[in-house]
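S.K.:
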Amino acid sequence: MRFKTVCTGCSLLCDDIIVDLEGEKIVSTFNLCGHGEEKFLRARGTERLLKPFVRSRDSVREVSISEAIEKAAEILLNAERPVLWGWGSSSVEAQIAGIELAREIGGVIDSTGSICHGITWLAASESGLYTATLGEVMSRADVVVYWGSDPGHSHPRHLSRYSVLSRGIYTQSGYEQRRVYVFDIRRTRVGKIANVLIEVEPNKDYELITAMRLILRGKKLQFDSVAGVPIKTIEKVIQEWKERDFGVVFYGMGLLASRGKYRNLEALLKLVWEMNEYTSFVALPMAGHFNTIGFNHTATWVTGHPSGIDFSRGAPYANPGETTFVEMLQRGEVDAALIIGSNPMSSFPTELARKLSQIPLIVVDCFRTLTVKHATVAIPTAITGIEAGGIAYRMDSVPIILREFLSPPESILSDADIIRSIIEKVKRKN
Numbered sequence: 006m007r008f009k010t011v012c013t014g015c016s017l018l019c020d021d022i023i024v025d026l027e028g029e030k031i032v033s034t035f036n037l038c039g040h041g042e043e044k045f046l047r048a049r050g051t052e053r054l055l056k057p058f059v060r061s062r063d064s065v066r067e068v069s070i071s072e073a074i075e076k077a078a079e080i081l082l083n084a085e086r087p088v089l090w091g092w093g094s095s096s097v098e099a100q101i102a103g104i105e106l107a108r109e110i111g112g113v114i115d116s117t118g119s120i121c122h123g124i125t126w127l128a129a130s131e132s133g134l135y136t137a138t139l140g141e142v143m144s145r146a147d148v149v150v151y152w153g154s155d156p157g158h159s160h161p162r163h164l165s166r167y168s169v170l171s172r173g174i175y176t177q178s179g180y181e182q183r184r185v186y187v188f189d190i191r192r193t194r195v196g197k198i199a200n201v202l203i204e205v206e207p208n209k210d211y212e213l214i215t216a217m218r219l220i221l222r223g224k225k226l227q228f229d230s231v232a233g234v235p236i237k238t239i240e241k242v243i244q245e246w247k248e249r250d251f252g253v254v255f256y257g258m259g260l261l262a263s264r265g266k267y268r269n270l271e272a273l274l275k276l277v278w279e280m281n282e283y284t285s286f287v288a289l290p291m292a293g294h295f296n297t298i299g300f301n302h303t304a305t306w307v308t309g310h311p312s313g314i315d316f317s318r319g320a321p322y323a324n325p326g327e328t329t330f331v332e333m334l335q336r337g338e339v340d341a342a343l344i345i346g347s348n349p350m351s352s353f354p355t356e357l358a359r360k361l362s363q364i365p366l367i368v369v370d371c372f373r374t375l376t377v378k379h380a381t382v383a384i385p386t387a388i389t390g391i392e393a394g395g396i397a398y399r400m401d402s403v404p405i406i407l408r409e410f411l412s413p414p415e416s417i418l419s420d421a422d423i424i425r426s427i428i429e430k431v432k433r434k435n
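In this note's numbering, the protein residues as written are 6 to 435.
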């Protein structure tokens with residue numbers, strides 16, 4: 006049997022994927038990149054988490070789903086400062102349920118986006134945001150800029166499907182019609198096909214963007230170079246951008262993790278804003294997990310805040326650095342955590358991972374990750390987009406419907422159903 010489906014390997018959410026099935030087995034796929042192929046094949050792999058378990062001291066005991074959910078509710082209710090973290094690989098339905106759960110227990114809900122692309126909302130609140138859909142970029146963009154991102158590694162189909170190599174209504178010649186600019190600290194994979202590769206000194210993005218804004222305003226700089234880039238090169242780039250019809254900047258973690266953090270992005274968004282006095286220019290995040298952007302939209306819609314939302318006061322309150330998970334964990338405030346669709350034990354610094362391992366952990370995941378190995382309660386879940394449906398937001402903030410084409414393993418629920426079940430238990434115990 007053949008299905009057309011959406012790939013949840015990254016936030017591109019490619020919707021042209023073809024899967025051939027024999028019963029419950031995937032026999033072949035078409036149009037998947039390496040990221041997507043790995044995720045689809047892992048659906049029936051040996052690393053799946055299939056049985057819920059509860060850890061007590063040094064022993065691990067397999068339990069039923071209902072018992073695991075009961076224990077999870079008990080841990081959250083007994084905690085003074087519980088945090089619900091992750092959500093980048095969960096459906097919008099699960100995210101809405103997660104916000105309701107945080108409200109019920111008076112806890113904090115935060116997403117992986119608070120340490121990556123979620124800070125787009127923080128920067129945009131200061132500078133505004135010019136954006137577009139990927140379809141519009143494909144059809145109109147004759148200037149494509151990658152700043153601190155390398156889609157060759159992070160989003161393998163980005164170049165061919167939506168940007169440099171794609172052909173649209175007004176870009177019938179594809180690559181030949183576009184100018185590609187790459188700003189990075191080294192020569193990356195995408196840098197090899199760039200028309201202009203600009204190597205920026207590490208942690209000097211803010212200085213370079215500020216210089217570009219000054220040159221755009223017609224100011225003369227009293228320097229030979231900024232951030233290792235000659236002034237003449239900057240002037241040439243700005244002039245070329247002004248003469249083009251439509252430009253897009255795809256920004257990644259190379260910009261957001263550089264010194265300055267969200268202020269770098271704020272400056273870049275202001276540059277994009279000012280470019281619109283001369284031509285059309287937009288900016289889009291190169292978000293990683295398939296629904297990182299979705300959480301920010303969902304949380305803003307429901308609570309008015311994009312991430313790090315604290316319900317301990319009764320009403321939603323958010324203050325980056327105060328109510329965000331990483332900073333709370335650093336200060337030793339968190340006494341219980343529910344981790345869903347994320348693996349912080351493998352990505353956090355050693356000190357934070359150690360602190361995380363010392364508190365009760367509820368982990369909701371599809372696979373046996375390092376975080377699952379440290380869980381007090383582990384609850385397996387169906388894979389969203391493969392075994393469970395839902396809604397996710399693409400990197401350009403377009404909502405995409407996900408549909409299941411495989412049945413989940415026996416007794417395993419979707420992430421949304423698991424969170425709803427925990428809410429029911431919490432309400433009964435309250």
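We treat Cβ as the ideally placed atom computed from N, Cα and C, and that holds for glycine.
1. Determine the DSSP secondary structure at Gly265, reduced to helix, strand or coil.
2. Answer with buried or exposed for Thr374, where buried requires no fewer than 16 other C-beta atoms within 10 angstroms of its C-beta.
3. Out of Gly50, Gly91, Glu52, Lys30, point me to the one whose CA is closest to Gly293's CA.
4. Please report how far the alpha carbon of Gly257 lies from the alpha carbon of Ser263, in whole angstroms.
5. In chain order, what residues of the same chain have a beta carbon less than 7 Å from the beta carbon of Ser95, not counting five sequence neighbours either side?
6. Distance, Cα to Cα, Pro414 vs Leu55?
7. What runs of the beta strand (DSSP E), each 3 residues or longer, lie entirely inside the segment 47-109?
8. Within 10 Å of its beta-carbon, does Phe228 have 16 or more other beta-carbons around it, so buried, or fewer, so exposed?
9. Restricting to Cα atoms, I'd like to know which of Ser16, Val59, Ile406, Cys15 is closest to Thr381.
10. Could you pull out every residue in the same chain whose Cβ sits closer than 7 Å to the Cβ of Glu52, ignoring the five residues on either side in sequence?
11. Is Asp401 helix, strand or coil by DSSP?
12. Given Ala358, which residues of its chain have a CB within under 6 Å of its CB, disregarding the five upstream and five downstream residues?
13. Shortest alpha-carbon distance to Ile114 belongs to which of Glu327, Gly157, Arg268, Arg218?
14. Got a sec, what are the start and stop residues for the alpha helix (DSSP H) Ser132 sits in?
15. Please report the Cβ distance between Ile70 and Ser402, rounded to the nearest whole angstrom; I am assuming they are in contact, meaning their Cβ atoms lie under 8 Å.
16. Could you name the residues of the same chain whose beta carbon sits closer than 7 Å to that of Ala216, not counting the 5 residues immediately before and after it, in chain order?
17. Between the Cα of Ala383 and the Cα atoms of Ala342, Ala397, Gly179, Gly233, which residue gives the shortest distance?
18. Keeping to the same chain, check which residues put their C-beta closer than 7 Å to that of Ala128; ignore five residues upstream and five downstream.
19. Trp246: buried (16+ other C-beta within 10 angstroms of its C-beta) or exposed?
20. Enumerate in chain order the residues of its own chain whose CB-to-CB distance from Ile428 is below 8 Å, with the five nearest sequence positions on each side excluded.
21. Suppose you measure from the CA of Glu67 to the CA of Glu75; what does that come to, to the nearest Å?
22. Are Tyr180 and Met143 close, meaning C-beta to C-beta below 8 Å?
23. Should Ala304 be labelled buried (16 or more other beta-carbon atoms within 10 Å of its own) or exposed?
24. I need the straight-line Cα distance from Lys237 to Phe255, nearest angstrom please.
25. Just reading off the beta strand (DSSP E) that Ala342 is part of, what are its end residues?
26. Any chance you could list the beta strand (DSSP E) runs of at least 3 consecutive residues sitting entirely within the segment 270-300, in chain order?
27. May I ask which residues mark the beginning and end of the alpha helix (DSSP H) holding Glu212?
28. To the nearest angstrom, report how far apart Leu261 and His310 are at their CA atoms.
M.R.: So, from the data block:
1. coil
2. buried
3. Gly91
4. 10 Å
5. Asn296, Ile345, Gly346, Thr389, Asp420
6. 7 Å
7. 58-61, 64-67, 87-91
8. exposed
9. Val59
10. Phe372, Arg373
11. coil
12. Met350
13. Glu327
14. 125-132
15. At roughly 34 Å, the Cβ-Cβ gap does not stay under 8 Å, so Ile70 and Ser402 are not in contact.
16. Leu226, Val231, Ile239
17. Ala342
18. Tyr267, Leu270, Glu271, Leu274
19. buried
20. Ala102, Glu105, Leu106, Glu109
21. 14 Å
22. no
23. buried
24. 24 Å
25. 341-345
26. 285-290
27. 210-221
28. 20 Å
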